[in-house]
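Below is one structure, written out as structure tokens; the observations come after it.
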Amino acid sequence: MKLIDLTKPLFDHMPVYPGDPDLIVNLIQTLEEDGWNMRRIQMNLHDGTHVNAPIHMAAGGKTLDDLPLHRFSGKCVLFTENILIKSDTGVIFTTKNIDMVMAQQLVKTPPKFIGLSDQFEFDIAVEKFLLEHDIISYENLANTDMLPKQFMFYGFPLRIKEGDGSPVRAVALVE
């Protein structure tokens, strides 16, 4: 078995969504002065590789607290034009962005979750539509060109009370 890291690194002043505050990483204690190193991070819950909970854009949507852990992992496939969507399987989009036509198809038979390569950015109306239909979504997935057609996906959020999203360490387990 092999693990493929699908997570973008977090670093000081990394690119974030236009208009969002910068991600800041500060060294606040050092081994030489304090006996240990410690960094402090200031970030938005939607920076880097992250998951969106429905409350992010849907009034009355579920928060991270409302979603059971099994929603953040499981069987996964790469999107292809003739894909058969299954409710127990996630779908990762690597070569195509999700437009409203595709989003309307996805809500007919909702996948367990969806993911979008870091090559694309959700259209806000599309993202809102999917979240209003309780489809959790991952964004900024790296290394999606290394993925096989089928794999196991793991992208657990931090346990943020009433969270609308969270950074994740997303990985694919490939046999």
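Take my numbering: the last position of the sequence shown gets the number 190, and nothing is skipped along the way. The beta carbon of each residue, even a glycine, is placed where N, CA and C say it ideally should be.
Listed in chain order, the non-local C-beta contacts of LYS101 below 6 Å within the same chain number zero, local neighbours out to five positions each way being set aside. Going by DSSP, VAL106 is part of the beta strand (DSSP E) stretching over 105-108.
With the rule of 3 Cβ pairs closer than 8 Å, the region 131-151 counts as touching the region 58-73. For ILE56, the closest of LYS23, ASN67, HIS28 by C-alpha to C-alpha distance is HIS28. Contact holds between the region 59-69 and the region 19-33, because three or more Cβ pairs, one in each stretch, are under 8 Å apart.
PHE94 and GLU47 have their C-alpha atoms some 50 Å from each other.
When the beta-carbon positions are compared, ARG86 and LYS127 come within less than 8 Å of each other. Non-local C-beta neighbours of GLN119 in its own chain, meaning closer than 6 Å and more than five positions away in sequence, are absent. Straight-line measurement puts the Cα of ARG174 at about 10 Å from the Cα of GLY180. In the structure shown, ILE100 falls within a coil segment according to DSSP collapsed to helix, strand and coil. Our two residues, HIS148 and GLY50, have alpha carbons roughly 50 Å apart in a direct line. Measuring C-alpha to C-alpha distances from ASP37 to each of GLN44, ILE43, THR45, PHE26 identifies PHE26 as the nearest.
With contacts defined by Cβ atoms closer than 8 Å, ILE43 and MET58 do not form a contacting pair. ILE139: member of the alpha helix (DSSP H) spanning 139-147, first to last residue. Annotation for PRO24: no residue places its beta carbon closer than 6 Å to its own, counting only its chain and skipping 5 residues before and after. When secondary structure is reduced to three states using DSSP, LYS123 falls in the helix class. In this structure, the alpha-carbon of SER132 lies about 24 Å from that of ILE39. The criterion of a C-beta distance shorter than 8 Å is not satisfied by PHE171 and ALA187.
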